[in-house]
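Undergrad: Protein sequences appear in the order of chains A and B. Numbered according to numbering that gives the first Met the number 0, the first sequence spans residues 0 to 178. Numbered according to numbering that gives the first Met the number 0, the second sequence spans residues 0 to 298. For every residue, glycine included, the Cβ atom is placed at its ideal position computed from N, Cα and C. Before I ask anything, here is the structure I am working with.
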Amino acid sequence: MSGHLTVMEPDARFELLYVRHAPAVKAYVLRRGAGTHADDLVTEVFLVCLRRLDDLPEDPLPWLLGVARRVLGTHRRGERRRAALNERLNQVELASVPEGEGLEPALVAALQCLSEQDRELLLLIAWEGLTPGQAAAVLGLRAATLRVRLHRARSRFRVALSGATADASTCPALPLETS
Amino acid sequence: MNDDAIATLVAANPVPELPAVEPVERLYALGVRAAAPDRRSRARKVRHGRAAALVAVLAVAAATTVGLAVTGGSTSLPGVNIAAAAYAATSPGPSIVEVVFVQRFASGNVPPLTIREWLQTSTGRRRVRNELPGSGHFAEVETAIAPGAVENWDSADRSGNVIHREILQRSAPVQTPAEGIEQFRRLFKEDALRVVGHERRAGRLLWKLEGIIGSAKYSANAPLVPTTATVVLVDPKTYLPVLQRQINLTVPGRRVEGEKLLVGFRRLPVDHQSESLLSLRSQHPNARVLTRTLTASQR
Chain A
0 MSGHLTVMEP
10 DARFELLYVR
20 HAPAVKAYVL
30 RRGAGTHADD
40 LVTEVFLVCL
50 RRLDDLPEDP
60 LPWLLGVARR
70 VLGTHRRGER
80 RRAALNERLN
90 QVELASVPEG
100 EGLEPALVAA
110 LQCLSEQDRE
120 LLLLIAWEGL
130 TPGQAAAVLG
140 LRAATLRVRL
150 HRARSRFRVA
160 LSGATADAST
170 CPALPLETS
Chain B
0 MNDDAIATLV
10 AANPVPELPA
20 VEPVERLYAL
30 GVRAAAPDRR
40 SRARKVRHGR
50 AAALVAVLAV
60 AAATTVGLAV
70 TGGSTSLPGV
80 NIAAAAYAAT
90 SPGPSIVEVV
100 FVQRFASGNV
110 PPLTIREWLQ
120 TSTGRRRVRN
130 ELPGSGHFAE
140 VETAIAPGAV
150 ENWDSADRSG
160 NVIHREILQR
170 SAPVQTPAEG
180 IEQFRRLFKE
190 DALRVVGHER
200 RAGRLLWKLE
210 GIIGSAKYSA
220 NAPLVPTTAT
230 VVLVDPKTYL
240 PVLQRQINLT
250 VPGRRVEGEK
260 LLVGFRRLPV
270 DHQSESLLSL
280 RSQHPNARVL
290 TRTLTASQR
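Have a look at this one:
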């Protein structure tokens, strides 16, 4: 969003942020398999936003997605603990690989072959529609670093996709990390 | 398979459209308020404070500073998103907002219409009262909107002093009418307003925003073309939308069809008296209430 919002009253500024960005935050968590927890996770993200209202950058979306990423991670760890308690850990899909309906198994398998950061980087640009600069802000990277990683992540994804089967345990040999 | 990794992923996006979110009121319902941390922090200071008086002085100074910042001093602050600031300036927050517009019509022998509007976003309630001077039909028409229900009352109702209450079924899309300030706020939410310049009115230089509010197709295969635009003039000091103008784009020369002039805006504390302004039954205690339930197809 363009423009500085810091001159507004806090309530109004918060409401504005919510109206503008909550759908994108919800889409983000849904694309990463939040399912029925999506609304609760969005609420958590905006509670963090509320506490940090005065610290928000001029472009708040990458910041919000960064918070959503951490909230989602915390949520998943909680799910894992609950699953372990129920001795059902091996039956529950908890990886950070997206679980969206209709995804091709080969695509999911190729994504599972990538590192978490490569995967997240590609998805932030492809699914969230972020610019490399915004994606860098979400991941806490410098823009120049991100561009290099993005190039490599694309290469790895292409290789993974060309050799992918529905069985994620058999990943093709991917180009090595050199940095 | 497409060779480009990003294109492949874009095509496989499991959530291609932005989903609907719960209204911000849900967070308000959780007792969340943006100003809450400040209040707690201030309370702690007072508890610990050896200098409570100093804190009070600082609080007054801070409030004054915020007030100056919100009004923007004598001119708009550089870098302020005018549409966003105007949206925020009209946000009721925890209070109830009372707004009064006078609507003038460019054509026809129609006297000015007074529109009074009360909004409370924390509960999603709103009441609008249209007053047309003189007797006859449409002298006074009121609508009250709350989550899941719409109520109408008309002073010229042939069935007498009646409140027509329509219960909206959960599955029915809620398409409630928006006028005055609510119409402006909806336009902003839809990102439909753009700053197009300034306009001088009554000696004051105001921000000029414009957006399309009506479009039509003239044949099945024809593209959608804009038919009605709205111009909103925003005060650079208060960021209030002081004038809304409706423009007919289907005739040469962008004909002005009418204008709504903001003549009153105030925030009311949330108490029994101001909450009664949101209720038709409080306003018309002797009216009969006729209730019917609407399905999606009836809306």
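Of all the residues that make up the stretch 110 to 128 of chain A, which are near chain B by a beta-carbon distance shorter than 8 Å?
TA: The stretch 110 to 128 of chain A vs chain B, Cβ under 8 Å: Leu121, Leu122, Ile124, Ala125, Trp126.
Undergrad: Enumerate in chain order the residues of its own chain whose CB-to-CB distance from B/Ala19 is below 8 Å, with the five nearest sequence positions on each side excluded.
TA: Excluding sequence neighbours, B/Ala19 sits near nothing in its chain.
Undergrad: Give the residues from the stretch 23 to 39 of chain A that approach chain B closer than 7 Å (Cβ to any Cβ), ordered along the chain.
TA: Within the stretch 23 to 39 of chain A, the qualifying residues are Ala23, Lys25, Ala26, Leu29, Arg30, Asp38.
Undergrad: Who are the neighbours of A/Ala142 on chain B, taking C-beta pairs under 9 Å?
TA: Chain B residues near A/Ala142: none, gap ~17 Å exceeds 9 Å.
Undergrad: When burial is assigned at 16 or more other CB atoms within 10 Å of the CB, is B/Pro222 buried or exposed?
TA: Classification of B/Pro222: exposed, given that the 10 Å Cβ count is below 16.
Undergrad: With C-beta atoms as the reference, is A/Arg118 less than 8 Å away from A/Leu110?
TA: The answer is yes: Cβ separation under 8 Å.
Undergrad: Can at least three beta-carbon pairs, one atom from the stretch 262 to 275 of chain B and one from the stretch 246 to 253 of chain B, be found at a separation below 8 Å?
TA: These segments do not touch.
Undergrad: So, do the stretch 28 to 46 of chain A and the stretch 103 to 113 of chain B have three or more beta carbon pairs nearer to each other than 8 Å?
TA: These segments do not touch.
Undergrad: Can you pull the chain A neighbours of B/Asn220, defined as C-beta to C-beta under 8 Å?
TA: Going along chain A, no residue has its Cβ under 8 Å from B/Asn220, so there is no contact; the nearest lies around 30 Å.
Undergrad: Of all the beta strand (DSSP E) runs that stay within the bounds of the stretch 206 to 257 of chain B, which reach a length of 3 or more residues?
TA: 224 to 233, 240 to 247, all fully within the stretch 206 to 257 of chain B.
Undergrad: Chain A partners of B/Thr237, CB-CB under 8 Å?
TA: In chain order: nothing, as chain A lies at least about 12 Å away.
Undergrad: Flag B/Glu21 as yes if its beta-carbon sits less than 8 Å from any beta-carbon of chain A, otherwise no.
TA: It does: the Cβ of B/Glu21 has a partner Cβ on chain A nearer than 8 Å.
Undergrad: Let me check understanding here. Comparing Cα to Cα, which of B/His197, B/Ile81, B/Glu130 lies closest to B/Phe183?
TA: When each option's Cα is compared against that of B/Phe183, the closest is B/Ile81.
Undergrad: In its own chain, which residues sit with a C-beta less than 6 Å from the C-beta of A/Ala152, not counting the 5 before and 5 after it?
TA: Cβ within range, chain order: Asp117, Leu120, Leu121.
Undergrad: From the beta carbon of B/Ala61, is the nearest beta carbon of chain A less than 8 Å away?
TA: Bear in mind that the predicted position of B/Ala61 carries a pLDDT of just 35, short of 50, making it too unreliable to give a figure here.
Undergrad: Which residue from A/Trp126, A/Val47, A/Leu15 puts its Cα closest to that of A/Leu102?
TA: Nearest of A/Trp126, A/Val47, A/Leu15 to A/Leu102, Cα basis: A/Trp126.
Undergrad: Taking 8 Å as the threshold (beta carbon to beta carbon), is B/Thr229 in contact with chain A?
TA: Taking Cβ atoms only, chain A never reaches closer than 8 Å to B/Thr229, which makes this a no.
Undergrad: Just list the residues that DSSP pairs B/Lys259 with in beta bridges.
TA: Answer is B/Gln102, B/Gln243.
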